[in-house]
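Student:
Number of protein chains: 2
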Amino acid sequence: MTEAPRPLRRTEIRRENEKIILSAAEKVFAEAGFGGATMQLIADMAGLPKANLHYYFATKEDLYRRVVRDIFEIWLKAAETFDNAPGPVEGIGAYIDAKMEISRRHPDGSKVWASEVMHGAPVIQDYLETTLRDWTEGRIAVIQRWIDAGLMAPVDPRHLLYMLWATTQHYADFGHQIETLNGGRPLSDRQWKAAKDSVKTIILRGIGAV
Amino acid sequence: MTEAPRPLRRTEIRRENEKIILSAAEKVFAEAGFGGATMQLIADMAGLPKANLHYYFATKEDLYRRVVRDIFEIWLKAAETFDNAPGPVEGIGAYIDAKMEISRRHPDGSKVWASEVMHGAPVIQDYLETTLRDWTEGRIAVIQRWIDAGLMAPVDPRHLLYMLWATTQHYADFGHQIETLNGGRPLSDRQWKAAKDSVKTIILRGIGAV
DNA sequence: TTCTTTCCTGACCATATGGTCAGACATGGA
DNA sequence: TCCATGTCTGACCATATGGTCAGGAAAGAA
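Quick mapping for you: the protein sequence lines, in order, are chains A and B.
The working numbering puts the first residue of the first sequence at 16, with every later residue one more than the last.
The working numbering puts the first residue of the second sequence at 16, with every later residue one more than the last.
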């Protein structure tokens with residue numbers, strides 16, 4: 016599982032192993048929560064001895080912190096689609112597309128994030144108060160500008176943002192429920208497209224942008 | 016904290032203590048997750064010795080199961096507003112109101128439910144496959160009838176339901192994030208009303224019902 | 001080769017946790 | 001009053017878990 020076909024350089028070893036561990040940790044934290052996850056489980060999933068995890072990450076909390084922050088980065092990057100958009104149809108439409116894609120490709124990350132926030136954000140509270148708050152204020156201003164320009168109906172930008180987060184992340188966080196209601200099968204390509212279209216249609220019409 | 020001002024009758028004792036324990040358990044499970052919650056923590060919050068919890072609930076999992084099922088009941092009851100409605104404006108409008116109210120009054124319950132589903136629903140999988148699935152199919156039929164009657168636009172009923180769940184529950188599950196973005200203060204009465212109105216306005220217009 | 005640095009890991013430890021149990025205590029019916 | 005039943009709890013136990021550490025292996029510089 017983790018046999019190295021070719022010998023790795025010193026610098027590569029660290030990067031490679033951290034990647035493997037972080038990937039395993041993301042999955043385990045998502046499935047079991049911080050409290051339910053054990054270093055042994057993560058080690059097994061990574062195919063490494065437990066002591067080796069502690070060589071790269073001093074404590075379980077350090078490892079968890081890294082996982083959450085990495086997710087936050089991905090999540091913020093997708094938000095760039097918001098800028099440089101001429102109006103809500105393009106800006107919000109692209110944002111929904113991007114966030115739905117993340118829900119599909121990184122469901123575990125989304126779950127860890129949700130779990131962290133639900134438990135009071137003990138680890139990333141500072142991020143919420145700085146980066147996230149700043150980003151939110153910025154986007155609110157953008158939406159308000161669109162409203163002032165008559166490009167969409169005068170809805171509360173803040174609650175619109177919450178709605179976008181809630182709706183898109185729901186497909187990751189509650190993926191298991193959705194799968195169960197889909198007869199136990201994961202959504203197909205076609206069904207994912209239908210989901211995206213439904214969300215975009217309802218919200219864009221809901222804010223009077225189409 | 017738990018001093019009984021008046022002596023309780025035998026039958027009352029059990030009911031009363033179970034209520035206290037379930038209430039404490041809901042809060043602790045919501046804050047720490049199943050894995051992070053400890054019987055000792057729940058006992059302290061309930062003001063009872065740990066051994067007493069085990070007298071009423073054999074195992075931690077039994078206690079957790081009861082908490083999740085109780086939430087499910089509340090959650091289903093709110094869904095009754097859906098029926099007997101002449102059209103989407105009344106039916107979905109009332110459903111949003113009811114679910115937003117639950118998010119406000121029972122945020123812990125909502126979190127426990129979310130956590131359970133996120134971890135693959137190990138405890139209530141059967142509920143998802145029976146009760147929830149049946150309920151969902153029923154509501155899809157109602158929405159489809161409204162569409163056929165020309166009372167709303169032809170959106171995918173299933174994804175509309177997901178959107179309703181996601182948006183309303185977001186205010187409970189991500190309450191901490193919302194509070195942080197609100198300057199660290201919980202939403203006021205006025206802000207809750209604004210939230211409700213925003214959700215209702217966008218969704219009802221989004222499905223072409225107004 | 002020699003030496004330094006980094007990487008690796010089996011064995012170990014202190015602690016926390018879910019759960020048990022014997023026996024005390026209270027209640028209420030006969 | 002006596003007894004059966006239900007309630008309560010301190011003390012205890014087996015186990016699991018996060019974390020440590022000494023010492024060995026490999027890599028690369030000199």
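Note that the Cβ used here is the ideal one computed from N, Cα and C, for glycine as well.
Which full runs of the alpha helix (DSSP H) of 4+ residues lie inside the stretch 18-67 of chain A, going along the chain?
Tutor: You should have 25-51, 54-61.
Student: To the nearest angstrom, report how far apart residue 103 of chain B and residue 117 of chain B are at their CA atoms.
Tutor: In a straight line, the C-alpha of residue 103 of chain B is about 20 Å away from that of residue 117 of chain B.
Student: Please go through the same chain and pick out, in chain order, the residues whose beta-carbon is closer than 8 Å to the beta-carbon of residue 5 of chain A, but skip the five residues on each side of it.
Tutor: No information on residue 5 of chain A is available, as it lies outside the stretch 16 to 225 that chain A covers here.
Student: Name the chain A residues that come within less than 7 Å of residue 143 of chain B, Cβ to Cβ?
Tutor: Here the neighbours are 192, 195.
Student: Which residue marks the beginning of the alpha helix (DSSP H) containing residue 167 of chain B, and which one marks its end?
Tutor: Element bounds for residue 167 of chain B: n/a, residue is neither H nor E.
Student: Applying the criterion that 16 or more other CB atoms from any shown protein chain within 10 Å of the CB defines a buried residue, is residue 195 of chain A buried or exposed?
Tutor: Counting Cβ neighbours within 10 Å, residue 195 of chain A comes out buried, since at least 16 surround it.
Student: Cβ closer than 8 Å: which chain A residues qualify as neighbours of residue 50 of chain B?
Tutor: By Cβ distance, chain A contributes 47, 48, 49, 50, 51, 52.
Student: Run through DSSP, which three-state label would residue 211 of chain A get?
Tutor: Correct three-state label for residue 211 of chain A: helix.
Student: How about residue 43 of chain A and residue 83 of chain A: are their beta carbons less than 8 Å apart?
Tutor: Taking 8 Å as the Cβ cut-off, residue 43 of chain A and residue 83 of chain A do not qualify as a contacting pair.
Student: Near residue 159 of chain B, what residues of its chain come up, given a Cβ to Cβ distance below 6 Å and the 5 sequence neighbours on each side ignored?
Tutor: Excluding sequence neighbours, residue 159 of chain B sits near 172.
Student: Report the option in A:96, A:121, A:193 whose CA atom is closest to the CA atom of residue 129 of chain B.
Tutor: Answer by Cα proximity: A:193.
Student: Distance cutoff 8 Å, beta carbons only. Does residue 224 of chain B sit that close to anything in chain A?
Tutor: No, its Cβ sits nowhere closer than 8 Å to a Cβ of chain A.
Student: If you measure from the beta carbon of residue 214 of chain A to each beta carbon in chain B, is any gap under 8 Å?
Tutor: Yes, residue 214 of chain A counts as interfacial toward chain B.
Student: Rounding to the nearest angstrom, what Cα-Cα distance links residue 56 of chain A and residue 86 of chain A in this structure?
Tutor: Whole-angstrom Cα-Cα distance: 21 Å.
Student: How about residue 134 of chain A and residue 136 of chain B: do their beta carbons lie closer than 8 Å?
Tutor: Contact: no.
Student: Pick out whichever of B:145, B:88, B:223 has its Cα sitting closest to the Cα of residue 124 of chain B.
Tutor: If we check each option's Cα against that of residue 124 of chain B, B:88 comes out closest.
Student: If we define contact as Cβ-Cβ less than 8 Å, is residue 171 of chain A a contact residue for chain B?
Tutor: Yes, residue 171 of chain A lies at the interface with chain B (some Cβ there is under 8 Å from its Cβ).
Student: Which two residues bound the contiguous alpha helix (DSSP H) that contains residue 85 of chain B?
Tutor: 75-93 is the extent of the alpha helix (DSSP H) around residue 85 of chain B.
Student: Taking a cut of 7 Å between CB atoms, which residues from the stretch 148-163 of chain A lie near chain B?
Tutor: The residues in question are 148, 151.
Student: Do you know offhand how far residue 147 of chain A's Cα is from residue 65 of chain A's?
Tutor: Whole-angstrom Cα-Cα distance: 34 Å.
Student: Starting from the C-beta of residue 167 of chain A, find all residues in its chain whose C-beta is less than 6 Å away, skip the five residues before and the five after it, and write them out in chain order.
Tutor: Answer for residue 167 of chain A: 103, 161, 222, 223, 224, listed in chain order.
Student: Throw me the rounded Cβ distance for the residue 210 of chain B and residue 186 of chain B pair, which I believe falls under 8 Å.
Tutor: With 8 Å as the limit, residue 210 of chain B and residue 186 of chain B qualify as a contact, their Cβ atoms being about 6 Å apart.
Student: Suppose you measure from the CA of residue 115 of chain B to the CA of residue 204 of chain B; what does that come to, to the nearest Å?
Tutor: Taking the straight line joining both Cα atoms gives about 12 Å.
Student: What is the DSSP secondary structure of residue 189 of chain A, counted as helix, strand or coil?
Tutor: Reduced to three states, the DSSP call for residue 189 of chain A is coil.
Student: Helix, strand or coil for residue 130 of chain B per DSSP?
Tutor: Helix, per DSSP.
Student: Please identify the residue among A:155, A:144, A:37, A:94 whose C-alpha is closest to the C-alpha of residue 61 of chain A.
Tutor: Minimum Cα distance to residue 61 of chain A is reached at A:37.
Student: Could you confirm whether any beta carbon from chain A is found closer than 8 Å to the beta carbon of residue 210 of chain B?
Tutor: Taking Cβ atoms only, chain A reaches closer than 8 Å to residue 210 of chain B, which makes this a yes.
Student: How would you write the range of the alpha helix (DSSP H) that residue 118 of chain A sits in, first residue to last?
Tutor: Here the alpha helix (DSSP H) through residue 118 of chain A covers 103-120.
Student: Closer than 8 Å, Cβ to Cβ, to anything on chain A: give me those residues from the stretch 176-188 of chain B, in chain order.
Tutor: Here the close residues are 177, 178, 180, 181, 182, 184, 185, 186, 188.
Student: Of all the CB atoms in chain A, is at least one closer than 8 Å to the CB of residue 200 of chain B?
Tutor: Chain A contact via Cβ: absent.
Student: So which of A:163, A:97, A:188, A:175 has the shortest CA-CA distance to residue 121 of chain A?
Tutor: Looking at the Cα atoms, A:188 is the closest of the given residues.
Student: Once DSSP output is grouped into helix, strand and coil, what is the label at residue 125 of chain A?
Tutor: Helix.
Student: Looking at C-alpha atoms only, which residue of A:165, A:216, A:119, A:24 is the closest neighbour of residue 207 of chain A?
Tutor: Per the Cα distances, A:119.
Student: Kindly indicate if chain B contains any beta-carbon less than 8 Å away from that of residue 102 of chain A.
Tutor: It does not: the Cβ of residue 102 of chain A has no partner Cβ on chain B nearer than 8 Å.
Student: Taking residue 34 of chain A as the reference, give the member of A:68, A:54, A:45, A:48 with the closest Cα.
Tutor: Of the listed residues, the one whose Cα sits closest to residue 34 of chain A is A:68.
Student: Looking at residue 48 of chain B: is its Cβ nearer than 8 Å to the Cβ of residue 199 of chain A?
Tutor: Going by C-beta atoms, residue 48 of chain B is not nearer than 8 Å to residue 199 of chain A.
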